[in-house]
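In what follows, a structure is listed as structure tokens, so that the remarks can point back to it.
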Amino acid sequence: VRLRTDSAREEIVGRMIWYAIERPFTLAAVEVSTLMMLEVFYGWDPYWTGLCFTAVCSVGIVMSIFTTVMLMYGKFQESWVFMISAASSIFGGILLFEIVPSAGWVLLVADCVIYTGATVANGIAEGWASRAAKEGTRFSNTEYRVRQLSAVTLGRFLGPIIGRFLVDYGGRNVYALVQLIACVAGTRTVYKTCCLVWAGNARKAEAEKKKGNAEKLLPSPEKTNVKEDIKVKVPEEEAVEDSTEASPSDN
2 VRLRTDSARE EIVGRMIWYA IERPFTLAAV EVSTLMMLEV FYGWDPYWTG
52 LCFTAVCSVG IVMSIFTTVM LMYGKFQESW VFMISAASSI FGGILLFEIV
102 PSAGWVLLVA DCVIYTGATV ANGIAEGWAS RAAKEGTRFS NTEYRVRQLS
152 AVTLGRFLGP IIGRFLVDYG GRNVYALVQL IACVAGTRTV YKTCCLVWAG
202 NARKAEAEKK KGNAEKLLPS PEKTNVKEDI KVKVPEEEAV EDSTEASPSD
252 N
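For the sequence shown, our numbering begins at 2 and goes up steadily by one.
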């Protein structure tokens, strides 16, 4: 994260704290509400619902490891991975709607998209906030960790309660609508954060370009003609050596 001003750093930390509320809320609601809908609406056995959702979580973990390796080797650009991961949750939120009667596996596909994108995005969000934090300020790394932990706890506390309430009293589509709104809000937060980083990178690239042009305009230092100096000095040295050698014979 390349930023020039403290205000931009503070804004990134603040946005990532807000994101730490939205994503755990979404994930906690997905975990509880999916199991509830599969068992109540589709009559799935609790054993199979738990097993299938474990597979959904595993996909998110595998994708997170894959993107981490690709970022380490420079194959992906971090900001675009962050943006795409967050935006994919919107597609997952749309799949939650039941416009026509559908099977239970469609719900699992929607959850897989949301969960995978959120898992990848959460890791990048924490990394960006830690790098943007500045010691000795109100957005230091210590302050961020305290607020981030409080935000995650709040999101994971509210998610299951609100998710089950929406499914119970409003049905799948009402639950899907609230999840979609939360996913759009989270993606908007990520987009504004990426814009700050992109603007900082653009300013740095422009400054380096101007510096390079200024260096080209500077006059090159005059080169000393080493060969000529050597040619001048060698006869003088030989003359000195001849005079020193000739002086004893003269005596």
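From the three backbone atoms N, C-alpha and C, an ideal C-beta is built for every residue, glycine too.
The structure presented is a predicted model; accordingly, all values stated were derived computationally and were not measured.
Residue 9: member of the alpha helix (DSSP H) spanning 7-41, first to last residue. Under the three-state reduction of DSSP, residue 122 is assigned to helix. Pairing residue 40 with residue 177, the inter-Cα distance amounts to about 17 Å. Under the 8 Å Cβ criterion, the segment 135-143 does not count as touching the segment 61-69, having fewer than three qualifying pairs.
In summary, residue 53 is buried, with 16 or more beta-carbon neighbours lying within 10 Å of its beta-carbon over all protein chains present. A straight-line Cα-Cα distance of about 28 Å links residue 102 and residue 86. The three-state reading of DSSP puts residue 101 in coil, since its state is none of H, G, I, E or B.
Within the same chain, 25, 29 come within 7 Å of residue 157 by CB-CB distance, once the 5 residues on both sides are set aside. Distance from the CA of residue 105 to the CA of residue 166, rounded to the nearest whole angstrom, comes to 20 Å. Rounded to the nearest whole angstrom, the CA to CA distance from residue 68 to residue 48 is 31 Å. The beta carbon of residue 37 sits closer than 7 Å to those of 165, 168, all from its chain and outside the five residues before and after it, given in chain order.
Minimum Cα-Cα distance from residue 88 among the listed residues 118, 44, 193 corresponds to 118.
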